[in-house]
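Asker: Chains as they are written, first to last, in the numbering used here: chain A, 1 to 341; chain B, 1001 to 1341.
Every residue, glycine too, gets a C-beta built ideally from N, C-alpha and C.
2 protein chains.
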Amino acid sequence: MSIHRLARDLGLSISTVSRALNGYTDVAEATRQRVEQRARELDYQPHAVARSLKSGRSMSIGVVLPIDEVGERFIDPMYSRLLGAVDAVVQDKGYRLVATTHNVHGAEDELALYRRFLQARWFDAHLVVRTRRDDARVALLQEADVPFVTYGRTVAGERHPWVDTDNEQAFLLATQRQIEFGHRHVALLNGPEVYTFSWLREQGYRRALETARLLPHAGSVLHGDPTEKTGYAMARQMLAQAHPPTALLCATDAMAIGAMAACREAGLVVGRDVSVVGYGNTETGAFSDPPLTTIEHRVSDNGRLIGQLLLARLAGRTDAVWHHLEPVELVPRASDGPLAP
Amino acid sequence: MSIHRLARDLGLSISTVSRALNGYTDVAEATRQRVEQRARELDYQPHAVARSLKSGRSMSIGVVLPIDEVGERFIDPMYSRLLGAVDAVVQDKGYRLVATTHNVHGAEDELALYRRFLQARWFDAHLVVRTRRDDARVALLQEADVPFVTYGRTVAGERHPWVDTDNEQAFLLATQRQIEFGHRHVALLNGPEVYTFSWLREQGYRRALETARLLPHAGSVLHGDPTEKTGYAMARQMLAQAHPPTALLCATDAMAIGAMAACREAGLVVGRDVSVVGYGNTETGAFSDPPLTTIEHRVSDNGRLIGQLLLARLAGRTDAVWHHLEPVELVPRASDGPLAP
DNA sequence: TTGAAAGCGCTAACAC
DNA sequence: GTGTTAGCGCTTTCAA
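Structure follows, in structure tokens:
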């Protein structure tokens, strides 16, 4: 059903039909009624592509989701919550958040993918996740002058809108807590080094140690994928040291689940012999044994704010709040505790 | 950079440029070289929307992902693996899998969303996930005569392409195993009743009981969201019965994690006093305490096959294998075992 | 081998 | 208040 057929059916010109349907005032009320009625009956929907070509806007916002090396899994399930919240907000203005995947080890590199999207004008705006400190995607988007918001900061942060959780504060809190528990050797099982969030978390960790006049032990910071498997492997490596750490701070709850398994395997009781802390406050952590001490980072709130920022940019507004650092909260549970004497 | 500007820059007509770039043979080789060279230099990309309007194809495949009641989370993280695999396959033919979300409790119902997509011709093909036995989306897609593949079966299964895991066999295996362990009261903590997979799993469960000449106890099948929280709540309810079950089969690993927490809370040792089995073979289950006995269901293989089926349908081929029931495998670990005497 | 021109379905300026 | 018409950027027929 095209506007052409609808117009013919009604004995009107297509322009009149178009105007009736798009809320123009210079259409007789009776005509509008008739058109709307018939459009509903015939289940008419304007052809999205044709409308886009004419208007120059696709009414969709793109986000590229990273897939890990085996091409089988979004790096972190929390993206689900983030995207759901963004979508809910932008929907009100007729926009749609559409997600595509990028296989980290696929043929095309991520930057080329962005370039294609930008030049083909696929999206009216972009959401960039999993930022790097020096992020080429940001440079690309800035150059193309297309609206975008990043989830996570970059070194160019003052020149683009971003929303982020306070990663530094999160690991400052977690580290301080272990120090207060009497731990002197605290290890950080961090995420991949290239990402801003990993860098910030390490900053928080180091700052807490410094404040307590502790020196980070050699080899007490490891980097790797935020998965159970990696958390397990890292924890094993840590515990095999001559002087193993007594507290393990993990970049995600998933890593902490893996780390706890390694501790059990080494005959340690988590929460008594060794402290383990996660990040993300997932349900899994809440129901693990022992329940996982973790960091709550309100992903949905971040998503909603990102949605609002995107809408503001799409509306050409530059006066909206450009940056938001979401505070975090430590959720104390049973996986950490005082250093055993 | 439009084809117009590129043509002007080259001193050629846009039609010649178009043909040179699209592999037509009636273009002088020298001209083609020159055009391709310059296009690369100027980083020309055809406008995706314009091309779509002309060709009638968007080169994208849509999938609508369900978001749960709080609008914050894809119902199941395994979708990530599925979509990654599908995307990897269809990319080879220039297609792109794009995911949009649907909030189960949002303003617009899912069917209306599909109707909009179909009439606006957003996608060349659709992937339908989380099927119901009588699925209105399937009827809609069939009526619209647009290529689609479902992940999961429907009652109309013989008339549309689908890929599914053998849910029935999975729970037949899991139930049989408990019966062999000596359990006589096996409970099923199932997913939401409306979905085909829940129905099939219950079929498998009942079939195993019947074969062993056991009657399912009253109230030994519950339905709910596939989350840790729900698994926990259901298990609590089960264990509070006068004659509680000694084995709990869960629709997902996440539910099983929750169920195990409830067992611990009731003072039961999982794997000794009570059996718990999950489904999905997630990393979390592998590293839980005790490690979770579960069902492996090769999501990525399914995704690859779905991709191939979609491509076949998009190419107008109807001779391709239309249905695929992927076999499952039970992964024995320590969360279940012989009935304590 | 190349260029002119039609047209995909729609919106919006302009004419009546 | 309504119709005619010119594009949006591209592909593809047709004529040269």
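Do we get a CB-CB distance below 8 angstroms when we pair B/TYR1151 with the residues of chain A?
Answerer: Counted from its first residue, the second sequence places residue 1151 of chain B at position 151. Taking Cβ atoms only, chain A never reaches closer than 8 angstroms to B/TYR1151, which makes this a no.
Asker: Would you say B/GLY1071 faces chain A, with C-beta separation under 8 angstroms as the test?
Answerer: For this step, residue 1071 of chain B is matched to residue 71 along the second sequence. For B/GLY1071, the predicted model reports a pLDDT of 41, less than 50, meaning its position is unreliable; a value from the coordinates is still stated below. Yes, its Cβ sits closer than 8 angstroms to a Cβ of chain A.
Asker: Among the residues of its own chain, which have a CB less than 6 angstroms from the CB of A/GLY71, if the five just before and after it don't count?
Answerer: For the purposes of this step, residue 71 of chain A is taken as the residue at position 71 of the first sequence. Because the pLDDT of A/GLY71 is 40, which lies under 50, any placement of that residue in the model is unreliable, and the question is left without a value.
Asker: Can you look up B/PHE1148 in the DSSP assignment and give me helix, strand or coil?
Answerer: Position 148 of the second sequence, counted from the start, is the residue given in the question as residue 1148 of chain B. Three-state DSSP puts B/PHE1148 in a strand.
Asker: Is the Cβ of B/LYS1229 closer than 8 angstroms to any Cβ of chain A?
Answerer: Within the second sequence, residue 1229 of chain B is the residue found at index 229, counting from 1. Yes, contact with chain A.
Asker: For A/GLN200, collect the residues of the same chain with a Cβ closer than 7 angstroms to its Cβ; drop the 5 residues on either side in sequence, then sort them by chain order.
Answerer: Taking the first residue of the first sequence as position 1, residue 200 of chain A is located at position 200. Note that residue 200 of chain A is Leu in the sequence shown here, rather than Gln. Taken in chain order, the residues that qualify are ASN167, GLU168.
Asker: Applying a beta-carbon distance threshold of less than 9 angstroms, which residues of chain A neighbour B/ILE1257?
Answerer: Here residue 1257 of chain B is taken as the residue at index 257 of the second sequence, counted from 1. Ordered by position in chain A, the residues that pass the 9 angstroms Cβ test against B/ILE1257 are GLU283, THR284, PHE287, SER288.
Asker: If you drop the 5 nearest sequence neighbours on each side, which residues of the same chain put their C-beta closer than 6 angstroms to that of A/ARG137?
Answerer: Working through the first sequence from its first residue, we reach residue 137 of chain A at position 137. Within the same chain, A/ARG137 has close Cβ partners TYR114, VAL128.
Asker: B/ALA1315: buried (16+ other C-beta within 10 angstroms of its C-beta) or exposed?
Answerer: Locating residue 1315 of chain B in the second sequence gives position 315, counting from the first residue. Result: exposed.
Asker: For B/SER1058, which option in B/THR1230, B/HIS1126, B/ALA1039 has the closest C-alpha, if you only look at C-alpha atoms?
Answerer: Sequence index remark: in the second sequence, residue 1058 of chain B carries index 58 (1-based). Nearest C-alpha to B/SER1058: B/HIS1126.
Asker: Give me the chain B residues within the contact set of A/TRP122, using Cβ-Cβ distance strictly less than 7 angstroms, ordered along the chain.
Answerer: By 1-based counting over the first sequence, the position of residue 122 of chain A is 122. Those are ALA1048, listed as they occur along chain B.
Asker: Suppose only complete runs of 4+ residues qualify. What are the alpha helix (DSSP H) ranges in the stretch 1068-1131 of chain B, listed by chain order?
Answerer: Listed in chain order, the complete alpha helix (DSSP H) runs (minimum 4 residues) inside the stretch 1068-1131 of chain B are 1078-1091, 1110-1119.
Asker: Suppose the cutoff is 7 angstroms on Cβ atoms and the five residues either side in sequence are ignored; what does the same chain contact list for B/MET1078 look like?
Answerer: As a first step, residue 1078 of chain B must be located in the second sequence, where it is residue number 78. If we look at B/MET1078 and ignore the five residues flanking it on each side, its Cβ neighbours are GLY1280, VAL1299.
Asker: Starting from B/ALA1334, trace the alpha helix (DSSP H) in both directions and tell me its first and last residue.
Answerer: The count along the second sequence starts at 1 and reaches residue 1334 of chain B at position 334. Where B/ALA1334 is concerned, there is no enclosing alpha helix (DSSP H), given that its DSSP letter is neither H nor E.
Asker: Go ahead and label A/ALA218 buried or exposed: buried means 16 or more other beta carbons lie within 10 angstroms of its beta carbon, across all protein chains shown.
Answerer: Locating residue 218 of chain A in the first sequence gives position 218, counting from the first residue. Exposed is the call here.
Asker: Thinking C-alpha only, which one of B/LEU1111, B/GLY1307, B/HIS1185 is nearest B/ASP1092?
Answerer: Along the second sequence, read from residue 1 onward, the residue named residue 1092 of chain B stands at position 92. Of the candidates B/LEU1111, B/GLY1307, B/HIS1185, the one whose C-alpha sits nearest the C-alpha of B/ASP1092 is B/GLY1307.
Asker: Should B/ASN1022 be flagged as near chain A, meaning a C-beta pair shorter than 8 angstroms?
Answerer: Taking the first residue of the second sequence as position 1, residue 1022 of chain B is located at position 22. Cβ-Cβ to chain A under 8 angstroms: no for B/ASN1022.
Asker: Could you check the C-alpha separation between A/ALA144 and B/SER1002 for me, to the nearest Å?
Answerer: Translated into positions along the first sequence, residue 144 of chain A becomes position 144. Translated into positions along the second sequence, residue 1002 of chain B becomes position 2. Their backbone Cα atoms lie some 15 angstroms apart in a straight line.
Asker: Starting from B/VAL1098, find everything on chain A with Cβ-Cβ shorter than 8 angstroms and list it in chain order.
Answerer: The sequence position of residue 1098 of chain B within the second sequence is 98, counting from 1. Under the 8 angstroms cutoff, chain A gives VAL98, ALA99, THR100.
Asker: What is the DSSP secondary structure of A/GLU193, counted as helix, strand or coil?
Answerer: Counting from 1 along the first sequence, the entry for residue 193 of chain A is found at position 193. Reduced to three states, the DSSP call for A/GLU193 is coil.
Asker: Going by DSSP in three states, A/THR25 sits in which element: helix, strand or coil?
Answerer: Indexing the first sequence from 1 puts residue 25 of chain A at position 25. A/THR25 falls in the coil class under three-state DSSP.
Asker: Can you tell me the Cα-Cα spacing of B/ASP1273 and B/THR1150, whole angstroms?
Answerer: Within the second sequence, numbered from 1, the residue matching residue 1273 of chain B stands at position 273. Within the second sequence, numbered from 1, the residue matching residue 1150 of chain B stands at position 150. C-alpha separation (whole angstroms): 40 angstroms.
Asker: Sort out for me which residues DSSP pairs B/LEU1250 with in a bridge.
Answerer: Your numbering for residue 1250 of chain B matches position 250 in the second sequence. Looking at the sequence itself, residue 1250 of chain B is Cys, so the reference to Leu does not match. Beta-bridge pairing links B/CYS1250 to B/LEU1189.
Asker: Given that a residue counts as buried once 16 or more other Cβ atoms are within 10 Å of its Cβ, and exposed if not, what is A/VAL17?
Answerer: Position 17 of the first sequence, counting from 1, holds the residue named residue 17 of chain A. Classification of A/VAL17: buried, given that the 10 Å Cβ count is 16 or more.
Asker: For B/ALA1261 and chain A, any beta-carbon pair shorter than 8 angstroms?
Answerer: In the second sequence, counting from the first residue as 1, residue 1261 of chain B sits at position 261. Yes, B/ALA1261 counts as interfacial toward chain A.
Asker: Of all Cβ atoms in chain A, is any one closer than 8 angstroms to the Cβ of B/PRO1077?
Answerer: To locate residue 1077 of chain B, count along the second sequence from 1; it is residue 77. For B/PRO1077, the answer is yes, since a Cβ of chain A falls inside 8 angstroms of its Cβ.
Asker: Check whether the stretch 1249-1269 of chain B touches the stretch 205-216 of chain A, counting contact only when three or more Cβ pairs, one atom from each stretch, lie closer than 8 angstroms.
Answerer: Counting Cβ pairs under 8 angstroms, fewer than three are found: no touch.
Asker: Can you say whether B/SER1275 is buried or exposed, counting buried as having 16 or more other CB atoms within 10 angstroms of its CB?
Answerer: Numbered from its first residue, the second sequence carries residue 1275 of chain B at position 275. Buried, by the Cβ-count rule.
Asker: Report yes or no: is there a C-beta of chain B within less than 8 angstroms of the C-beta of A/LEU42?
Answerer: Counting from one through the first sequence, the residue named residue 42 of chain A turns up at place 42. It does not: the Cβ of A/LEU42 has no partner Cβ on chain B nearer than 8 angstroms.
Asker: Could you list which residues in chain B have their beta carbon closer than 7 angstroms to that of A/GLY337, in chain order?
Answerer: On the first sequence, residue 337 of chain A is found 337 positions in, with the first residue counted as 1. Those within 7 angstroms of A/GLY337 in chain B number zero; the least Cβ separation is about 17 angstroms.
Asker: Which residues share a DSSP beta bridge with A/GLU329?
Answerer: Start at 1 with the first residue of the first sequence, and residue 329 of chain A comes out as number 329. A/GLU329 is bridged to A/GLU296.
Asker: Taking a contact to mean a Cβ-Cβ separation below 8 angstroms, would you say A/GLY56 touches A/THR100 in this structure?
Answerer: Here residue 56 of chain A refers to the residue found at position 56 when the first sequence is read from its first residue. Here residue 100 of chain A refers to the residue found at position 100 when the first sequence is read from its first residue. Contact flag unset, no.
Asker: Among the candidates B/ARG1177, B/THR1175, B/ALA1247, B/PHE1287, whose CA atom is the shortest distance from the CA of A/LYS229?
Answerer: On the first sequence, position 229 is the one that residue 229 of chain A refers to. Taking only the C-alpha atoms, the option nearest A/LYS229 is B/PHE1287.
Asker: Determine the closest residue to B/THR1196 out of B/VAL1155, B/THR1227, B/SER1220, with distance taken between C-alpha atoms.
Answerer: Your numbering for residue 1196 of chain B matches position 196 in the second sequence. Cα-wise, what sits closest to B/THR1196 is B/VAL1155.
Asker: If you reduce the DSSP assignment to three classes, tell me which class A/TRP199 lands in.
Answerer: As a first step, residue 199 of chain A must be located in the first sequence, where it is residue number 199. Three-state DSSP puts A/TRP199 in a helix.
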